[in-house]
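A.B. asks: Residue numbers (UniProt numbering): 1 to 103. Where is the CB? At the ideal position from N, CA and C, for every residue including glycine. Supplied in structure tokens, the structure appears directly below.
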């Protein structure tokens, strides 16, 4: 088992753990990107507007899995959420995350 399988295996386990605790899937792509395809049941809050939605996300009292097109914006979103005491993980690209969630 190489370092990559260790890292990604751990991420897959974290995603499964978050899913088992009814995590919110938060897609931080633009509205137009989201409308072209998304994980069913996910919520769309574009990264540019995320900071203004922190309090409403906190009120949900659920862990958050962020996703976007490639994983770059969702990494930023997860960092913003964590810095505001919200349990969050970067799920990466939405298509890849969709497969990991086994929906």
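What span of residues does the beta strand (DSSP E) with residue 47 cover, start to end?
C.D. replies: To locate residue 47, count along the chain shown from 1; it is residue 47. Looking at the DSSP string, residue 47 is not in any beta strand (DSSP E), and its letter there is neither H nor E.
A.B. asks: What residues match up with residue 25 in a beta bridge as DSSP calls it?
C.D. replies: For this step, residue 25 is matched to residue 25 along the chain shown. Answer is 65.
A.B. asks: Looking at the secondary structure, which residues open and close the beta strand (DSSP E) in which residue 89 lies?
C.D. replies: Taking the chain shown and counting its residues from 1, one reaches residue 89 at position 89. Where residue 89 is concerned, the enclosing beta strand (DSSP E) stretches over 88–93.
A.B. asks: Using C-beta distances below 7 Å, list every residue in its chain close to residue 47, excluding the 5 sequence neighbours before and after it, in chain order.
C.D. replies: Here the question's residue 47 lines up with position 47 in the chain shown. The residues are 28, 73, 76, 77.
A.B. asks: Going by Cα to Cα distance, which pick from 32, 62, 90, 80 is closest to residue 20?
C.D. replies: Taking the chain shown and counting its residues from 1, one reaches residue 20 at position 20. When each option's Cα is compared against that of residue 20, the closest is 62.
A.B. asks: Pull up the CB-CB distance for residue 71 and residue 44, whole angstroms please, since I reckon it's below 8 Å.
C.D. replies: Reading the chain shown from its first residue, position 71 is the one you call residue 71. Reading the chain shown from its first residue, position 44 is the one you call residue 44. About 17 Å separates the two Cβ atoms, so there is no contact after all.
A.B. asks: What is the DSSP secondary structure of residue 19, reduced to helix, strand or coil?
C.D. replies: Mapped onto the chain shown, residue 19 falls at position 19. It is helical.
A.B. asks: Is it the case that the CB of residue 92 approaches a heavy atom of the ligand PLP more closely than 7 Å?
C.D. replies: The ligand PLP is not part of the structure shown, which contains no ligands of any sort.
A.B. asks: Please confirm if the segment 29–40 is in contact with the segment 50–62, defined as three or more CB-CB distances below 8 Å between the two stretches.
C.D. replies: No contact exists between the segment 29–40 and the segment 50–62.
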